[in-house]
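Please read the structure below before turning to the comments.
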Amino acid sequence: MSIRRLDDVTIGQIAAGEIVERPASVVKELVENALDAGATRVTVALERGGVDSIEVVDDGAGIAPEDLPLAVRRHATSKLASAADLESIGTLGFRGEGLASIAAVARLEVLSRIAGAEVGARIEAHGDEAGAVEPAAAPAGTRVRAAALFENVPVRREYLRSPSAEFNRISSWLASFALAYPSVTFTLRHDGKDVWVMPATADPRERLAMVFGREAARALLPLDPAGARSLDGALRGYISEPGSDRGDRRMQLLFVNGRLLRSTLLAGAWTAGYATFAMTGRHPYGALMLELPPDHVDPNVHPTKSDVRLRYGTQVFDAVRRALSSTLQAHAAARFVQHAVPGVSLAPPNGAASVARSDSLFGESGADGEAAPARAAMRVLGQVDCTYILASDGESLLLVDQHAAHERIAYESIVARAQERAPSEPLLVPLSIELDPVRSAALDRALELLLEGGMEIEHFGERSYRIVATPAGYGARSFDLAGFLDDLTEDPKQRDVRERIWASLACHSVTVAGERLQPQEMSTLVERLQTCANPMHCPHGRPTMVRLGPLEIARMFKRV
Ligand code: ADP
Ligand code: MG
Numbered sequence: 008m009s010i011r012r013l014d015d016v017t018i019g020q021i022a023a024g025e026i027v028e029r030p031a032s033v034v035k036e037l038v039e040n041a042l043d044a045g046a047t048r049v050t051v052a053l054e055r056g057g058v059d060s061i062e063v064v065d066d067g068a069g070i071a072p073e074d075l076p077l078a079v080r081r082h083a084t085s086k087l088a089s090a091a092d093l094e095s096i097g098t099l100g101f102r103g104e105g106l107a108s109i110a111a112v113a114r115l116e117v118l119s120r121i122a123g124a125e126v127g128a129r130i131e132a133h134g135d136e137a138g139a140v141e142p143a144a145a146p147a148g149t150r151v152r153a154a155a156l157f158e159n160v161p162v163r164r165e166y167l168r169s170p171s172a173e174f175n176r177i178s179s180w181l182a183s184f185a186l187a188y189p190s191v192t193f194t195l196r197h198d199g200k201d202v203w204v205m206p207a208t209a210d211p212r213e214r215l216a217m218v219f220g221r222e223a224a225r226a227l228l229p230l231d232p233a234g235a236r237s238l239d240g241a242l243r244g245y246i247s248e249p250g251s252d253r254g255d256r257r258m259q260l261l262f263v264n265g266r267l268l269r270s271t272l273l274a275g276a277w278t279a280g281y282a283t284f285a286m287t288g289r290h291p292y293g294a295l296m297l298e299l300p301p302d303h304v305d306p307n308v309h310p311t312k313s314d315v316r317l318r319y320g321t322q323v324f325d326a327v328r329r330a331l332s333s334t335l336q337a338h339a340a341a342r343f344v345q346h347a348v349p350g351v352s353l354a355p356p357n358g359a360a361s362v363a364r365s366d367s368l369f370g371e372s373g374a375d376g377e378a379a380p381a382r383a384a385m386r387v388l389g390q391v392d393c394t395y396i397l398a399s400d401g402e403s404l405l406l407v408d409q410h411a412a413h414e415r416i417a418y419e420s421i422v423a424r425a426q427e428r429a430p431s432e433p434l435l436v437p438l439s440i441e442l443d444p445v446r447s448a449a450l451d452r453a454l455e456l457l458l459e460g461g462m463e464i465e466h467f468g469e470r471s472y473r474i475v476a477t478p479a480g481y482g483a484r485s486f487d488l489a490g491f492l493d494d495l496t497e498d499p500k501q502r503d504v505r506e507r508i509w510a511s512l513a514c515h516s517v518t519v520a521g522e523r524l525q526p527q528e529m530s531t532l533v534e535r536l537q538t539c540a541n542p543m544h545c546p547h548g549r550p551t552m553v554r555l556g557p558l559e560i561a562r563m564f565k566r567v
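Given below as structure tokens:
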């Protein structure tokens, strides 16, 4: 076949294919247009999941009648004047392709009136043809309707899911998107009924509850803005507290300059920020809103603008990670204060591992009211099932998981030691091992970091190693080398290598469940746990202790 130029209808459909994949893409384009026009109310009305009809009504600036033919044409926009403007985009749209792409695959009608004009006007467009502009009565603002989606593109129609699945997709996208626009009222209608309304609100909690569900929203912590001080811009958000999580990342919502998008880079920052706070294989949820100078963000890398390129990606990654982890540390410290015992020193031995536990932090949580009544020091009552330590502070009953607790203590001292490069404890008889190629490669990569953590392993011969020294204080316990190496080879992308190695080092060098402990050992464990920066969770995010307060106990005995 010889080379031919495509006709305009085909060109239009190919271009539209990138932008309009399903009803939700149409809703996205139209809602973004409404917000670019400064709307304070946006109503989305759908018929049959948007397949039959999608209507978006706004009270924004409107379109002048003489501009309507241009608005529905490809590459016509009021948002860019020159190529230079592409360097710093301040609106959600900018390519002038939204309406034209929708017209290419649906019957489009735009009805609009600019504030102050007596009458409005309407235009219809379908394929690459647009009708004449006609005067029409209309409220101030714009109503765009897209009917019979993909009627002329049967292949696309076949890829659509059921109307209710398409509807759900739109509903959850719109609700999530609304998180970044609290001053705008959003309404969603389906088949003639109001499905939900999000009134303009100053209280983000209401919208969070709608997006994440009441229960999950209660576990959201406001992000500590101080954590992102280094950022050239601003970071706000809500993140789930440790222990509340999901099986996937879908509920990690990310906004960059008001755009709801996915970013592989920043998904990594979630993982890094929660290192040692999240259980392996589980994912925290929440919403992060990042505001960056427009010229630091390039949204022109994806047809639906669902990913962006960041000019200073590494700095942004670090700022997000730090903001997450400092929020989690402050939360852990504050929670522990409520559980802690007056009289037992909370001052950590060396500052390094406990930067978050500043005085102001303790001051704040103390000011929360709940001035704890003077309680006796924490007393170990005994061991249960060779696995848990039963303790009491005279008021509450505490069940401490001996392995998780020991792991947390070991982890924090390994981190602190790595920061100081303190000596490790030489083994009297070095332990020699021979490894298979996979484990050997994994160990080679980790040797340097292990040394920082106090674990000294020498490589001699091809795949032979000698453990020369272990982290001081833990040398006496047999180090579970096999388990440790399995951890190293497994799933290397899951978290920051450094933290993973340390967590794993901690895990395999401490007390295990099922080990009988002496009373003195238990007291030391409980005492040292109290000096940890994050005493509530082991480095893998499992709880280290549960607490039964007087009220809970009273309830069990039906006293209240
Ligand atoms: P873009 O959003 O990239 O500019 P669109 O095709 O989505 O491209 O819209 C084309 C133009 O039509 C916009 O630049 C804007 O001037 C106008 N427009 C579209 N929708 C609206 C609306 N809801 N309110 C006001 N103007 C609109
Ligand atoms: Mg647009």
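Here the sequence shown is numbered in the numbering used here, starting from 8 and rising by one per residue.
A virtual CB, placed ideally from N, CA and C, is assigned to each residue, including glycine.
### Message
Mapping the DSSP letters down to three states, classify Phe-174 as helix, strand or coil.
### Response
For the purposes of this step, residue 174 is taken as the residue at position 167 of the sequence shown. Of the three classes helix, strand and coil, the one that applies to Phe-174 here is helix, per DSSP.
### Query
Going along the chain, which residues of its own chain have a beta-carbon closer than 6 angstroms to the beta-carbon of Arg-150, five neighbours each way excluded?
Reading the sequence shown from its first residue, position 143 is the one you call residue 150. So the qualifying residues of the chain are Val-64, Leu-118.
### Message
Does the structure place the region 280-294 close enough to the region 319-339 that three or more beta carbon pairs sit under 8 angstroms?
### Response
yes
### Query
At what residue ranges does the region 428-471 contain a whole run of the beta strand (DSSP E), taking only runs of 3 or more?
Entirely contained in the region 428-471, the beta strand (DSSP E) runs reaching 3 residues are, in chain order, 432-441, 463-467.
### Query
Quick one, which of Lys-565, Ala-233, Glu-469, Arg-253 has its alpha-carbon nearest Leu-442's?
Taking the first residue of the sequence shown as position 1, residue 442 is located at position 435. For Leu-442, the nearest C-alpha among the options comes from Glu-469.
### Message
Would you say the beta carbon of Asn-40 is closer than 8 angstroms to some non-hydrogen atom of ligand 2?
### Response
Here residue 40 refers to the residue found at position 33 when the sequence shown is read from its first residue. At least one heavy atom of ligand 2 is nearer than 8 angstroms to the Cβ of Asn-40, so yes.
### Selected residue, minimal CA-CA separation from Gly-69, among Ala-122, Thr-47, Ile-18, Phe-101
Residue numbering aside, residue 69 sits at position 62 when the sequence shown is read from its first letter. Considering only alpha carbons, the answer is Ala-122.
### Message
Using 9 angstroms as the threshold, is the C-beta distance between Leu-405 and Ile-396 below it?
### Response
For the purposes of this step, residue 405 is taken as the residue at position 398 of the sequence shown. For the purposes of this step, residue 396 is taken as the residue at position 389 of the sequence shown. Yes, the pair counts as a contact, with Cβ atoms nearer than the cut-off.
### Query
From Arg-549 to Asp-74, what distance separates their C-alpha atoms?
Walking along the sequence shown from the start, residue 549 turns up at place 542. Walking along the sequence shown from the start, residue 74 turns up at place 67. In a straight line, the C-alpha of Arg-549 is about 60 angstroms away from that of Asp-74.
### Message
Going by DSSP in three states, Ile-96 sits in which element: helix, strand or coil?
### Response
In the sequence shown, residue 96 corresponds to position 89, counting from 1. Coil.
### Task
Note down the Cα distance separating Gly-45 from Ser-179, rounded to an integer number of angstroms.
Residue numbering aside, residue 45 sits at position 38 when the sequence shown is read from its first letter. Residue numbering aside, residue 179 sits at position 172 when the sequence shown is read from its first letter. Distance between the alpha carbons of Gly-45 and Ser-179 is about 22 angstroms.
### Task
Write down the C-beta distance between Cys-393 and Glu-522 rounded to the nearest angstrom, noting that I regard them as a contact closer than 8 angstroms.
The sequence position of residue 393 within the sequence shown is 386, counting from 1. The sequence position of residue 522 within the sequence shown is 515, counting from 1. At roughly 6 angstroms, the Cβ-Cβ gap stays under 8 angstroms, so Cys-393 and Glu-522 are in contact.
### Message
Quick check on DSSP: helix, strand or coil for Ala-111?
### Response
Looking up residue 111 in the sequence shown gives position 104. Helix at Ala-111.
#### Entry: Glu-377 burial status per 10 Å Cβ neighbour count (16 or more: buried)
If you number the sequence shown from 1, residue 377 lands on position 370. The pLDDT assigned to Glu-377 is 34, lower than 50, so where the model puts this residue is not dependable, and the model offers no usable value.
### Query
In whole angstroms, what is the alpha-carbon distance linking Ala-423 and Val-202?
Within the sequence shown, the letter at position 416 stands for residue 423. Within the sequence shown, the letter at position 195 stands for residue 202. For Ala-423 and Val-202, the distance between alpha carbons rounds to 53 angstroms.
### Given Pro-229 as reference, the closest of Arg-236, Pro-306, Glu-36, Pro-211 once Cα atoms are compared
On the sequence shown, position 222 is the one that residue 229 refers to. Among Arg-236, Pro-306, Glu-36, Pro-211, the Cα nearest to that of Pro-229 belongs to Pro-211.
### Query
So is Ala-91 buried or exposed if we call it buried at 16+ other beta carbons inside 10 Å?
If you number the sequence shown from 1, residue 91 lands on position 84. When all chains shown are included, Ala-91 counts as exposed.
### Uninterrupted alpha helix (DSSP H) stretches inside the region 201-267 (no shorter than 4 residues)
211-219, 221-225
### Task
Please find out if some non-hydrogen atom of ligand 2 comes closer than 8 angstroms to the beta-carbon of Gly-572.
Summary: the structure shown does not reach residue 572, with the chain confined to residues 8 through 567, and so no result is reported for it.
### Query
Who pairs with Ile-396 in a beta bridge, going by DSSP?
Taking the sequence shown and counting its residues from 1, one reaches residue 396 at position 389. Answer is Gln-390, Val-407.
### Query
So, is Gln-525 buried or exposed, given that buried needs 16 or more other C-beta atoms within 10 angstroms?
Position 518 of the sequence shown, counting from 1, holds the residue named residue 525. The residue is exposed, with fewer than 16 neighbouring Cβ atoms inside 10 Å.
### Task
Apply the 10 Å Cβ neighbour rule to Tyr-166 and answer buried if 16 or more other Cβ atoms are within range, or exposed otherwise.
In the sequence shown, counting from the first residue as 1, residue 166 sits at position 159. Looking at its Cβ environment, which holds fewer than 16 other Cβ atoms inside 10 Å, Tyr-166 is exposed.
### Task
Run the CB neighbour count on Glu-455, radius 10 Å, all protein chains shown included, and call it buried at 16 or more, exposed below.
One-based indexing of the sequence shown puts residue 455 at position 448. Answer is exposed; the Cβ neighbour count stays below 16.
#### Entry: DSSP-derived helix/strand/coil call for Arg-163
Stepping through the sequence shown from its first residue, residue 163 is reached at position 156. The answer is helix: DSSP assigns Arg-163 an H, G or I state.
### Task
State yes or no: is the C-beta of Leu-93 nearer than 8 angstroms to some heavy atom of ligand 4?
Looking for ligand 4 in the displayed structure turns up nothing; the ligands present are ligand 1 and ligand 2.
### Query
How would you call Val-49, buried or exposed, if buried means at least 16 neighbouring beta carbons within 10 angstroms?
On the sequence shown, position 42 is the one that residue 49 refers to. Per the 10 Å Cβ criterion, buried.
### Query
Nearest-angstrom Cα distance between Val-27 and Glu-104?
Position 20 of the sequence shown, counted from the first residue, corresponds to residue 27. Position 97 of the sequence shown, counted from the first residue, corresponds to residue 104. Cα to Cα, Val-27 sits roughly 10 angstroms from Glu-104.
### Query
How big is the Cα-Cα spacing for Tyr-245 and Ser-85?
Here the question's residue 245 lines up with position 238 in the sequence shown. Here the question's residue 85 lines up with position 78 in the sequence shown. Each residue's alpha carbon lies about 34 angstroms from the other.
### Task
Using the DSSP secondary-structure output, state which residues sit across from Pro-142 in a beta bridge.
Translated into the one-based positions of the sequence shown, residue 142 becomes position 135. Ala-128, per the DSSP bridge assignment.
### Query
Is Pro-173 near Pro-30, with beta carbons less than 9 angstroms apart?
What you label residue 173 is simply residue 166 of the sequence shown in a count that begins at 1. What you label residue 30 is simply residue 23 of the sequence shown in a count that begins at 1. Reading the sequence as shown, one finds Glu at residue 173 and not Pro. Against a cut-off of 9 angstroms, the Cβ pair of Pro-30 and Glu-173 comes out as a contact.
### Message
Whole angstroms are fine: how far does the CA of Ala-143 sit from the CA of Ala-113?
### Response
Along the sequence shown, one-based indexing puts residue 113 at 106. Along the sequence shown, one-based indexing puts residue 143 at 136. So the alpha carbons of these two residues sit roughly 22 angstroms apart.
### Message
What would DSSP say about Ala-347, mapped onto helix, strand or coil?
### Response
Locating residue 347 in the sequence shown gives position 340, where the first residue counts as 1. At Ala-347 the pLDDT is 44, less than 50, meaning the model places this residue with poor confidence; the figure from the coordinates comes in the next sentence. Note: Ala-347 maps to coil in three-state DSSP.
### Query
Near Asp-135, what residues of its chain come up, given a Cβ to Cβ distance below 6 angstroms and the 5 sequence neighbours on each side ignored?
Within the sequence shown, numbered from 1, the residue matching residue 135 stands at position 128. Contacts found: Asp-15, Val-16, Gly-19.
### Task
Specify the secondary structure class of Val-519 as computed by DSSP and reduced to three states.
Along the sequence shown, one-based indexing puts residue 519 at 512. Note: Val-519 maps to coil in three-state DSSP.
### Task
Excluding the 5 residues preceding and the 5 following Leu-536 in the sequence, name in chain order all residues of the same chain whose CB lies nearer than 8 angstroms to its CB.
For the purposes of this step, residue 536 is taken as residue 529 along the sequence shown, with counting starting at 1. Excluding sequence neighbours, Leu-536 sits near Val-407, Ala-412, Arg-415, Ile-416, Pro-542, Thr-551, Met-552.
### Task
Put Gly-548 into one of helix, strand or coil per three-state DSSP.
As a working mapping, residue 548 is identified with position 541 in the sequence shown. For Gly-548, the three-state secondary structure derived from DSSP is coil.
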